[in-house]
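**Student:** Numbering (the UniProt record's numbering), first residue to last: 1 to 320.
Here's a structure for you.
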Amino acid sequence: MARKKIALIGSGQIGGTLAHLAALKDLGDVVLFDIVDGVPQGKALDLSQSAPVEGFDGKITGTSEYKDLAGADVIIVTAGVPRKPGMSRDDLLEINLKVMGQVGAGIAKYAPNAFVICITNPLDAMVWALQKFSGLPSNKVIGMAGVLDSSRFCHFIADELNVSIEDVNAFVMGGHGDTMVPLPRYSTVAGIPLTDIVKMGWMSKDKLDEIIQRTRDGGAEIVGLLKTGSAFYAPAASAISMAESYLKDKKRVLPAAAFLSGEYGVRDTYVGVPVVIGADGVEKVIEISLNSAEQKAFDKSVSAVEGLIEACKKIAPALA
Ligand code: LMR
């Protein structure tokens, strides 16, 4: 069977980490792309030289030409600018929207059959724009953030309770911004919902609220610590879990920024919801029931994303 091809658009910190993870997991051959000539080639060579030690067979190459994306099965987009301390993800909208225009055109021309995972911020609006610019089917273009936000929530819970991460399952919906919606009712430790964990006194309500806020601020906390650039290990791991589910038809249920066409009462918008990812891309959007407080928080998050999408339409009227 021919090896799969994974193209990574953007060869910064996340791009390099994605390439390494894809190789270590034997997902296929990797093409690292960047408009900054030399960087993708240099990282590809460095990673290739780790293959004899690590023992992976996938070929890793670097390029600055869109034509080398041809035939990619999966494309992961990290191109664009990260925020700096004090900035919000939304401050990147105008500059990264232009980048999505170029990337979308490149994907449309050379890899129209790919499954595309977007990581660029502000995430939900950028994945919406990327789908429009590329013209790919909406079930083949998703945003990575739900897995990342849920993974952060998971880590904080496991750390606080001093239990194995293996037994923690945490879940965050909504846009990948300050309005994201961590859902304690749907987050469990060995099947016990966090809400019950609070009731039985294993974690205080104040601590849970603190963890929820820390999850919402998770990206900013890392930007503040790194000072130049943003998180890359956890975002890369999150995107790779989605790519793997698609390539191996695992049909994992993962929270993703997915295109909604009426689900949750939302239309023509990308926002974080649980989906099934398999060989057909997003095979199902799962509509969970929300209580009134959860619904209110989700609606607020959707409105924030819709506001950003409206801003995209003003900057790039072709998207309207
Ligand atoms: C993250 O959550 O780590 C990313 O969205 C990067 C950022 O700017 O926070």
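All C-beta atoms in this analysis are idealised placements derived from N, C-alpha and C, irrespective of residue type, glycine included.
If you're wondering where the values come from, they're calculated on a predicted model, not measured in any experiment.
Scan the segment 206–268 and note each continuous beta strand (DSSP E) run of 3 residues or more that stays entirely inside, going in chain order.
**Tutor:** With a minimum length of 3 residues, the continuous beta strand (DSSP E) runs that stay inside the segment 206–268 are 252–261.
**Student:** Thinking residue 133 and residue 175 are a contact (beta carbons under 8 Å), I'd like their distance in whole angstroms, please.
**Tutor:** The sequence position of residue 133 within the sequence shown is 133, counting from 1. The sequence position of residue 175 within the sequence shown is 175, counting from 1. Residue 133 to residue 175, Cβ: 20 Å. No contact.
**Student:** Check whether the Cβ of residue 304 sits closer than 7 Å to any heavy atom of the ligand LMR, and report yes or no.
**Tutor:** Walking along the sequence shown from the start, residue 304 turns up at place 304. Result no, Cβ not under 7 Å from the ligand LMR.
**Student:** Output yes or no for whether 8 Å exceeds the beta carbon distance between residue 40 and residue 46.
**Tutor:** Residue 40 sits at position 40 when you count from the first residue of the sequence shown. Residue 46 sits at position 46 when you count from the first residue of the sequence shown. Cβ atoms of residue 40 and residue 46: not closer than 8 Å.
**Student:** The beta strand (DSSP E) spanning residue 281 covers which residue range?
**Tutor:** Your numbering for residue 281 matches position 281 in the sequence shown. 281–285 is the extent of the beta strand (DSSP E) around residue 281.
**Student:** What distance in whole Å lies between the Cβ atoms of residue 83 and residue 230, which are believed to be in contact at a cut-off of 8 Å?
**Tutor:** Sequence index remark: in the sequence shown, residue 230 carries index 230 (1-based). Sequence index remark: in the sequence shown, residue 83 carries index 83 (1-based). About 6 Å; that satisfies the 8 Å criterion.
**Student:** Once DSSP output is grouped into helix, strand and coil, what is the label at residue 174?
**Tutor:** Here residue 174 refers to the residue found at position 174 when the sequence shown is read from its first residue. The answer is strand: DSSP assigns residue 174 an E or B state.
**Student:** I want to check one thing, is the minimum distance from the CB of residue 83 to the heavy atoms of the ligand LMR below 7 Å?
**Tutor:** If you number the sequence shown from 1, residue 83 lands on position 83. Yes, Cβ of residue 83 sits closer than 7 Å to a heavy atom of the ligand LMR.
**Student:** Going by the C-beta, is residue 176 closer than 7 Å to any heavy atom of the ligand LMR?
**Tutor:** The residue you call residue 176 lines up with position 176 of the sequence shown. Yes.
**Student:** Report all residues from its chain with a CB closer than 6 Å to the CB of residue 263; omit the five preceding and five following residues, and keep chain order.
**Tutor:** Residue 263 sits at position 263 when you count from the first residue of the sequence shown. 285 and 287.
**Student:** Taking 7 Å as the cut-off, is the C-beta of residue 148 nearer than that to any heavy atom in the ligand LMR?
**Tutor:** Residue mapping note: residue 148 aligns to position 148 of the sequence shown, counting from 1. Checking every heavy atom of the ligand LMR against the Cβ of residue 148, one is found closer than 7 Å.
**Student:** Less than 7 Å separating the Cβ of residue 231 from some heavy atom of the ligand LMR?
**Tutor:** In the sequence shown, counting from the first residue as 1, residue 231 sits at position 231. Under cutoff, so the answer is yes.
**Student:** Which value, in whole angstroms, describes the spacing of the CA atoms of residue 295 and residue 272?
**Tutor:** As a working mapping, residue 295 is identified with position 295 in the sequence shown. As a working mapping, residue 272 is identified with position 272 in the sequence shown. So the alpha carbons of these two residues sit roughly 13 Å apart.
**Student:** Give the secondary structure of residue 7 by DSSP, where H, G and I count as helix, E and B as strand, and everything else as coil.
**Tutor:** Numbered from 1 along the sequence shown, position 7 holds the residue referred to as residue 7. Note: residue 7 maps to strand in three-state DSSP.
**Student:** Does DSSP classify residue 117 as helix, strand or coil?
**Tutor:** Sequence index remark: in the sequence shown, residue 117 carries index 117 (1-based). DSSP places residue 117 in strand when its eight states are reduced to three.
**Student:** Helix, strand or coil, according to DSSP, for residue 305 in the structure here?
**Tutor:** Along the sequence shown, one-based indexing puts residue 305 at 305. Of the three classes helix, strand and coil, the one that applies to residue 305 here is helix, per DSSP.
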